[in-house]
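Protein chains in written order, with my numbering: chain X, 1 to 347; chain E, 1001 to 1347.
Cβ coordinates follow ideal geometry from the N, Cα and C atoms, glycine included.
These notes concern the structure reproduced below.
The following block contains the structure:
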């Protein structure tokens, strides 16, 4: 089959690789219908996260079950399914508590020896625990497929950030980061009942989506000016709940500065310098909490899925470019150069 | 009157200073019965926190109201009262939410221009909001006075840490720091229902108190060995709830390392390097939360006071040395050299 491989920074290829097969009785093989490129894939693309030459990539996909191992009972051949960005066994202490990302037997798509989502098919370990079945009729609805695909990562990650930040009725939420996760953080905050949502971002195409998703205010300034603008919108106090969806020193510094005393930062931006932006003395003096991390999106899918299916939330606008599998390298280039917000791969 | 003043690192004096008087209609003057020396006072003593020569010091005290301004109605002359370690106005947004440490008109005892607790008397701003009345009969009960004095800081701060860490029934709590705050963290965790409490500490006199306060296990190792020991006690997973009551790089590093995936660190050690010990990548991968800061102990006094009065909790054993006011410099020396755990000053 064909699948995306990464060879060096900025060197993405679509290559012939072995077809996936069922290896363990809990495995399934899923034929990918839709996958996408994640902002976090760009860390590998840019060489800031190490990859072995030829390693697969892509951790967001949905598709049709093609084959299942002898022990798989929850999904069967022909089912439309979505996969979260990590597999998990569903039975360890952490899985039972919902922290599937800490699963004792969990792993990442695209790690060495495993398939990546940006390919024709994927071997899925622990298929019963990992995959979530979707209504078959969704397969013929492009808009709905796009919305469902976000459940594999960005929508669940935005939800995790909003929960960590404490988004709820009666509070003001601010979102640092205008990528797909930040925008889904806006949508999640709105869904959780936040009264006021301030989106920080300079790109009008993105802030327009933020407004569609529920942002009541947009702050286009950066750095100190952004902090001043948020404080002006919040009687000088800052936001109760702040989503940090970037992971850099500057974004974390901004997040701390715009959080109201006693508030919380929900952080989901993969840390690339953000630790340095965390001023613990300021957080101490102002009782600012930090909660978040890699999002257990598998746990959130059953909660978010009905709202996506009935249209209560529609995260599909985060995709603004669609490529075929052979176009994946171009998709990376577009996201790296910020000419695309998020790229969908339609097989 | 006589009061403690700080002149340079390691240069504490007891000097003649002006008698406090009511300046504003909301003020009270409190004649101090008991005060104490805090671990955080040692940062000033050692020159690690800057002080102006002659500045007052001491932020924990209880005593008898001597005089009140025209607008004070909640406490009156002759009342036995305890003061939290900051004053607060009781009416601003933050005070109404219980975050009295972020009060818009709040301040610290011993800051420039204000009295400190380690003296004969203190002018208390916003007396109605700041002071909490105690039963008069407590004044003649030395043990109870000592226990009540901890409500001014260490007991409330330990409670804040335990809450931040998420101590509750069914969880394992670990406490980093065997000072008075760490020990009160043990007591608070026990009070909140924690099943298992692991105290980290090497000094037997202190770990004995930890056991009296509810610790079920004591880990005497330090650094990596301490981490291994806690993991061994917790099936390799770590503690759900970790109290960080020191504030150094090493203590925070230990706290992160012994927190279970999905758990939380309640941090109340005044940051002196602890930011560097916070490995955000580890916290991200393992979904470790950080909550805490300067404790709004004023808010906690009404909740903790009944339990102190009826003996449900007795934090008084944190005091192991009592000096008179003129003995305060010796008290600092004893705490700095760790020959005393916590020094009470009996006027």
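In the three-state scheme derived from DSSP, where H, G and I count as helix and E and B as strand, residue 145(X) is classed as helix.
Taking a cut-off of 8 angstroms on C-beta distances, the stretch 1107-1127 of chain E does not touch the stretch 1280-1296 of chain E, as fewer than three cross pairs fall below it. Rounded to the nearest whole angstrom, the C-alpha separation of residue 1183(E) and residue 1112(E) is 31 angstroms.
It is roughly 20 angstroms from the alpha-carbon of residue 132(X) to the alpha-carbon of residue 20(X). Straight through space, the alpha carbons of residue 49(X) and residue 1109(E) are spaced by roughly 49 angstroms.
Contact check for residue 1165(E) and residue 1265(E): beta-carbon distance about 6 angstroms, within the 8 angstroms limit, so the pair qualifies. Per DSSP, the beta-bridge partners of residue 5(X) are 13(X), 56(X).
Minimum Cα-Cα distance from residue 297(X) among the listed residues 153(X), 18(X), 129(X), 201(X) corresponds to 153(X). A distance below 8 angstroms separates the beta carbons of residue 1116(E) and residue 1004(E).
Inter-residue distance for residue 335(X) and residue 159(X) is about 22 angstroms (C-alpha atoms, whole angstroms). Cβ contact annotation for residue 1066(E) (same chain, cutoff 6 angstroms, sequence separation greater than five): 1029, 1031, in chain order. For a cut-off of 8 angstroms, the C-beta gap from residue 171(X) to residue 127(X) is around 39 angstroms, too long to register as a contact. Taking all protein chains shown into account, residue 1324(E) has fewer than 16 neighbouring C-beta atoms within 10 Å of its C-beta and is therefore exposed. Taking 8 angstroms as the upper bound for CB-CB distance, residue 214(X) and residue 190(X) are in contact here, some 3 angstroms apart. Distance from the Cα of residue 1249(E) is smallest, within the candidate group 1277(E), 1079(E), 1199(E), 1046(E), for 1277(E). Taking a beta-carbon distance threshold of 8 angstroms, residue 1302(E) does not count as an interface residue toward chain X. Interface annotation, residue 280(X): in contact with chain E, CB-CB separation under 8 angstroms.
In this structure, residue 218(X) keeps its C-beta atom at 8 angstroms or more from the C-beta atom of residue 230(X). The Cβ of residue 1094(E) sits closer than 8 angstroms to at least one Cβ of chain X. Here the C-alpha atom of residue 1002(E) lies approximately 22 angstroms from the C-alpha atom of residue 1087(E). Separation of residue 100(X) and residue 1212(E) (C-alpha to C-alpha, rounded to the nearest whole angstrom) is 38 angstroms. For residue 1345(E), the uninterrupted beta strand (DSSP E) segment begins and ends at 1343-1346. Residue 147(X) and residue 156(X) have their alpha carbons spaced roughly 12 angstroms apart. In terms of beta-carbon proximity, residue 1020(E) stays away from the interface with chain X, with every pair separated by 8 angstroms or more. For residue 298(X), there is no enclosing beta strand (DSSP E); the enclosing alpha helix (DSSP H) has its first and last residue at 297-309. Here the C-alpha atom of residue 142(X) lies approximately 21 angstroms from the C-alpha atom of residue 206(X). The Cβ of residue 343(X) sits no closer than 8 angstroms to any Cβ of chain E.
Bounds of the beta strand (DSSP E) holding residue 174(X) are 172-176.
Straight-line measurement puts the Cα of residue 78(X) at about 19 angstroms from the Cα of residue 23(X).
Note that the C-beta distance between residue 62(X) and residue 34(X) is below 8 angstroms. In this structure, 1319(E) is the residue among 1329(E), 1327(E), 1319(E), 1347(E) with its C-alpha nearest to the C-alpha of residue 1340(E). A residue is called buried when at least 16 other Cβ atoms come within 10 angstroms of its Cβ; residue 52(X) does not meet this threshold and is exposed. Among the bridge pairs identified by DSSP, residue 1198(E) is matched with 1174(E), 1217(E). The closest CA to that of residue 274(X), considering only 263(X), 289(X), 254(X), 247(X), is found on 247(X). Nearest C-alpha to residue 168(X) among 194(X), 174(X), 187(X): 194(X).
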